[in-house]
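Structure first, then comments.
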Amino acid sequence: MDTGQASYKFRYDAHLADQIELKWQSRWEEDGTYHAPNPSGALADSSGRIKLPKLFIMDMFPYPSGTGLHVGHPLGFIGTDVYARYKRMTGHNVLHTMGYDAFGLPAEEHARQTGQHPRENTIANINNMQKQLKRLGLGHDPRRSIATTDVDYYKWTQWIFLQLFNSWYDTKKNCARPISDLESLLEEGSIILENGETWSSSTDRRKKEIINSYRLAYLAEAPVNWCPALGTVLANEEVTIDGRSERGNHPVYRRPLKQWMMRITSYADRLLEDLETLDWSDAIKTMQRNWIGRSEGALINFDAGSLKIPVFTTRPDTVFGATYLVIAPEHPLVDELVGSEWPNGIEINWTGGFDDPQSAVQAYRLESTQKSDLDRQENKDKTGVFLGTYAKVPVDGREIPIFISDYVLMGYGTGAIMAVPGQDERDWEFAEVFGLDIIRTVQPPIEWDGNAYTGDGPSINSGFLDGLPIADAKTTIIKWLEENNRGSRQVSYKLRDWLFSRQRYWGEPFPIVYDTDGLPVAVPVNILPVELPELIDWAPRSLDENSDPEPPLGRASDWSTTVIDFGDGAQEYVRELNTMPQWAGSCWYYLRYLDPLNKEEFVSEEIEKYWMSGETGGVDLYVGGVEHAVLHLLYSRFWHKVLYDLGFVSTPEPFQRLFNQGYIQAAAYQDERGMYVEATDVVEVDSKFIHNDEEVYRSFGKMGKSLKNSVTPDEMYVEYGADTLRLYEMFMGPLDQDRPWETKSVVGSLRLIQRVWRNLVDEMSGEITVIDIIPDESLNRLLHQTIKAVNDDMNDLRFNTAIARITELNNEITRLDSPTPKSVAESLVLLLAPLTPHIAEELWEKLGHNESVVYAQFPVANETFLVEDMIEVPLQINGKLKSKIYIASSSSDEELHEAALADEKIKSLIEDKEIRNVIVVSGKLINFVI
RNA sequence: GCCCGGGUGGCGGAAUCGGCAGACGCGGGGGAUUCAAAAUCCCUUUCCCUCCGGGGAGUGCGGGUUCAAGUCCCGCCCCGGGCACCA
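Every letter in the first sequence is one number past the one before it in our numbering, and letter 670, counting from 1, is 693.
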């Protein structure tokens with residue numbers, strides 16, 4: 024257009040950024056710049072980096088979605104990349120790569136809508152995502168990338184499953200052990216079976232069943248969350264509190280089904296205790312603690328005729344206040360406990376309006392199974408019916424009525440409680456509805472006017488416990504219970520065993536077949552993997568509430584049976600038709616990154632030790648969203664501990680340091696009807712927001728399709744370039760904080776790179792302009808102060824303040840009248856290199872270096888340059904800033920005091936006043952109290 | 001209801017151990033440059049008052065500790081997240 028543009032041919036803009044970035048991205052790829060060497064095996068090399076201290080820096084790998092990335096997705100990826108680059112430059116062998124969590128429901132949902140096979144769709148999505156991530160300049164070792172859907176990967180997922188299947192939890196040694204150990208122990212009689220069974224007199228089939236009941240991966244008839252619309256059962260964690268599926272928001276029904284379970288509850292205490300050793304945020308630790316939900320109490324047996332009803336309570340001290348028992352409607356003892364007719368003189372609402380207890384119970388059970396979780400959630404009014412029978416309170420022999428009620432949950436404790444309305448809000452409510460007795464067993468304070476009293480106080484109405492505070496009363500009653508054989512100390516958890524099967528196609532097949540007895544048998548390790556069949560009719564069926572789950576693999580008729588020789592001759596076996604949940608693949612991917620090409624083992628021992636067993640143990644930094652606070656992180660810890668017990672890994676925990684990055688939010692706009700409008704089309708006029716001449720209203724939310732507020736990285740490359748995008752995302756705020764995206768602010772980050780470029784390079788010729796002179800003292804001091812601050816900030820993942828310091832240094836350089844001194848320019852480039860790697864490489868090359876800046880040494884501050892000769896000291900009177908003086912930094916407190924008194928301003932303010940006190944903070948501040 | 005976070009200019013944020021509140025950036029205002037614009041560079045920008053010297057207020061609200069509080073303590077309010085009849 025005009026000559027002005029042509030003369031700035033080498034101005035740093037989006038066009039030039041594009042050229043530079045693509046140049047270095049292909050150079051890095053050709054040179055294998057980000058290859059991290061292993062101590063042995065296929066990925067060992069001669070770079071010498073293996074001798075450096077190792078660092079394993081990891082992101083939570085993404086699900087390769089079809090919609091592509093928006094600028095919110097890579098925030099954490101950029102953060103780990105900057106940190107990894109910083110650590111490479113400070114002399115570490117850094118393992119940093121990226122994989123794909125590619126099994127799971129969305130691919131099937133997509134397939135159902137488009138008719139495309141999930142594998143094709145998944146591969147296309149992964150390729151697309153890899154391309155997008157590469158364009159950001161992320162320094163990943165591409166050789167180590169895996170997808171959970173790779174046959175070579177899920178072979179080892181199946182192998183780990185078999186380790187769980189072939190293990191049991193030894194509660195005496197408190198660790199997992201091979202099933203073969205269990206067999207020996209049973210054989211020699213070291214383990215006594217329950218119910219008077221003996222091992223030696225059991226049939227072979229019974230022996231198998233007994234052993235199966237010990238396995239860490241086991242089959243159980245369990246009430247599950249059956250989602251007919253998705254055609255699968257879901258884990259508790261995949262069901263919302265409204266009783267709907269997290270994915271798709273479909274109704275979920277509870278029904279009993281035979282399912283694979285993982286015995287994570289055996290690890291509850293270790294999962295809880297080992298949290299202490301981890302460098303994770305308290306928020307996440309608290310969430311995991313709550314999820315595990317350990318509570319200490321007692322098991323108390325109540326006699327009801329010839330039956331025993333075990334009850335779990337955290338307040339055994341209140342047993343003298345128990346005025347009725349409640350058991351869950353699904354409780355197995357209900358049928359035996361229920362009476363044949365109502366006793367005389369009972370309240371009419373105890374009967375539910377029925378003529379006999381059996382009918383009442385039957386009706387109530389039906390009613391409660393039909394209640395959705397949402398109903399239970401919203402309607403906490405107490406309901407229930409009397410069983411028509413009574414139990415005896417073990418401490419004093421009182422006869423108390425037994426009820427069933429859905430406020431007692433079968434899945435927790437023993438599914439039965441002793442109700443103590445005096446000390447429990449829920450029991451109080453129930454007691455009021457049914458007119459039951461209320462006995463206080465703890466003396467409430469005089470001013471107490473509430474109902475149930477849960478605070479501490481002396482025991483009352485409690486026989487031999489009277490006068491004792493709660494803690495003492497608990498130990499006393501537990502001792503009594505144990506001595507009298509009426510109960511024992513007991514710990515209970517909210518954590519349940521992990522429901523591990525899904526009625527889906529797109530997941531790992533179980534390496535399990537069934538013999539003629541219908542008992543599960545492990546597929547021999549040497550014929551793994553069990554590959555997914557190429558189904559034509561793979562789509563899940565939408566079913567109605569009453570139908571049974573129907574795994575799609577059942578339709579692969581030539582796959583669903585197989586012939587295996589277990590040493591007793593080739594025979595036909597029926598395959599397990601369920602697949603594993605998405606969590607399976609994500610449970611151990613960090614281990615495969617270490618040794619991705621290993622054909623013999625899931626990871627070699629030597630390589631695992633090298634990367635995992637550092638000073639702290641485990642992945643050195645794991646960055647990801649808080650939404651995985653319980654599920655992924657708990658499952659992963661569980662598998663890791665099993666592998667640890669069995670000797671396959673060397674650390675008890677997988678992730679030593681966890682960091683939760685925040686989310687990028689963006690303004691979203693709604694019109695009068697509440698419909699979202701394209702955010703990019705909204706203009707601000709007089710602090711009103713206008714879309715197509717109509718006023719719209721702003722809110723903030725997660726970036727995405729539904730709020731129509733996505734901004735893509737590609738848009739940013741067109742306007743600014745990848746370095747600018749990286750810099751902006753890191754500058755917006757601390758990494759762990761949510762922050763709103765503002766496209767108009769991105770220009771600030773572009774301007775920083777532009778100024779750096781201009782300070783080093785002639786915009787017309789592209790030639791470097793730095794000169795080899797010694798920088799003056801003040802610039803040199805600022806340089807070293809910046810170097811120190813940036814090192815500190817980088818170590819603490821405070822990239823926003825690191826960038827601020829670099830900006831200050833560059834602003835100072837901009838103000839120089841002379842060309843930039845070479846030593847300052849080189850340090851500046853190195854400081855920027857982790858943040859903006861492409862422009863740093865380009866400048867580094869222009870400055871005459873042949874080697875990549877990726878492995879250049881990060882600047883280290885020289886302490887002797889940090890000291891200021893003169894410092895500014897604020898002068899306060901009564902804590903208020905009144906004046907400032909410049910004084911030699913070597914001044915003593917006395918000199919500072921005198922200089923402050925000599926200050927005109929201070930002099931005039933204190934001349935006729937008495938100085939009552941003087942606070943001197945050496946070299947920092949002086950405060951006169953008058 | 002319980003358990004975690006968080007509340008600082010017009011906006012994103014900084015202040016790491018109780019020591020100058022507002023670093024750095026966006027946006028705004030002014031200037032230089034330009035035929036003009038863009039770009040660039042410089043100055044300015046918490047609010048209120050001002051006789052232009054300066055003065056006063058100020059980190060969600062109310063108290064407190066301290067020579068000194070965004071930071072510590074007590075009591076509230078608001079926003080975000082997690083859990084929720086778990087005995």
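By construction, the Cβ of each residue, glycine as well, lies at the ideal position given by its N, Cα and C atoms.
Residue i versus residue j - alpha carbon distance
i, j, result
"H807", "D173", "49 Å"
"Y686", "K725", "7 Å"
"T602", "L558", "14 Å"
"P763", "A690", "7 Å"
"G55", "H714", "49 Å"
"G648", "A856", "26 Å"
"G434", "A351", "9 Å"
"E742", "A37", "6 Å"
"D404", "G375", "15 Å"
"A414", "N474", "25 Å"
"N235", "R229", "10 Å"
"Y387", "V408", "7 Å"
"L858", "D297", "35 Å"
"E895", "S850", "27 Å"
"H133", "Q139", "8 Å"
"D419", "W191", "41 Å"
Residues near residue i in its chain [Cβ-Cβ closer than 6 Å; skip 5 each side]
i, result
"E244", "P279 and K281"
"V456", "K405"
"E269", "E261 and T263"
"R34", "E786"
"A496", "D340, S482 and L488"
"P417", "R509"
"F79", "L118, W634, V642 and D643"
"G127", "Q605"
As assigned by DSSP and simplified to three states, the class of residue i
i, result
"S515", "strand"
"M954", "Since the first residue of the chain shown is 24 and the last is 953, residue 954 is not available in this structure."
"V642", "strand"
"F426", "strand"
"R338", "coil"
"Y633", "helix"
"I953", "coil"
"E771", "With the sequence shown as reference, residue 771 is identified as Gly, and Glu is not the correct amino acid for it. Helix at G771."
"E244", "strand"
"E296", "helix"
"E934", "coil"
"N324", "strand"
"Q956", "Lying outside 24 to 953, the shown extent of the chain, residue 956 is not represented and no answer is given."
"S49", "helix"
Own chain residues within Cβ distance below 7 Å of residue i, not counting five before or after
i, result
"P897", "L904, K907 and L948"
"I214", "L208"
Close beta carbons around residue i, own chain, < 8 Å, minus the five adjacent residues each side
i, result
"Q880", "M112, T113, G114 and L853"
"D926", "L898, S906 and I908"
Any alpha helix (DSSP H) of 4 or more consecutive residues that is wholly inside the region 65-122: With a minimum length of 4 residues, the continuous alpha helix (DSSP H) runs that stay inside the region 65-122 are 98-112.
Stretch-stretch touch, CB-based, cutoff 8 Å, three pairs: the region 690-709 with the region 729-739: Flag = yes, the region 690-709 and the region 729-739 touch.
Runs of alpha helix (DSSP H) wholly within the region 663-749 (minimum 4 residues, chain order): Counting whole runs of 4 or more residues, the region 663-749 contains the alpha helix (DSSP H) stretches 736-742.
Any 3 or more C-beta pairs closer than 8 Å across the region 819-833 and the region 752-759: At 8 Å Cβ cutoff, the stretches touch.
Residue ranges of each beta strand (DSSP E) within the region 446-487, 3 or longer: Listed in chain order, there is nothing to give.
Validate contact between the region 769-786 and the region 832-840 using beta carbons, cut 8 Å, 3 pairs: Because the criterion of three Cβ pairs below 8 Å is met, the region 769-786 and the region 832-840 touch.
Complete runs of the alpha helix (DSSP H) confined to the region 829-917 [at least 4 residues]: Correct list: 845-855 and 860-869.
Ranges of the alpha helix (DSSP H) found wholly within the region 786-825, counting only runs of at least 4: Here the runs fully enclosed are 800-818.
Every unbroken beta strand (DSSP E) within the region 369-422, with a cutoff of 3 residues, ordered by chain: Listed in chain order, they are 408-415.
Validate contact between the region 441-454 and the region 466-484 using beta carbons, cut 8 Å, 3 pairs: Yes, the region 441-454 is in contact with the region 466-484.
Segment contact, 8 Å Cβ cut-off, at least three pairs: the region 523-540 with the region 319-339: Flag = no, the region 523-540 and the region 319-339 do not touch.
The region 94-114 in contact with the region 60-67 per 3-pair CB rule at 8 Å: No contact exists between the region 94-114 and the region 60-67.
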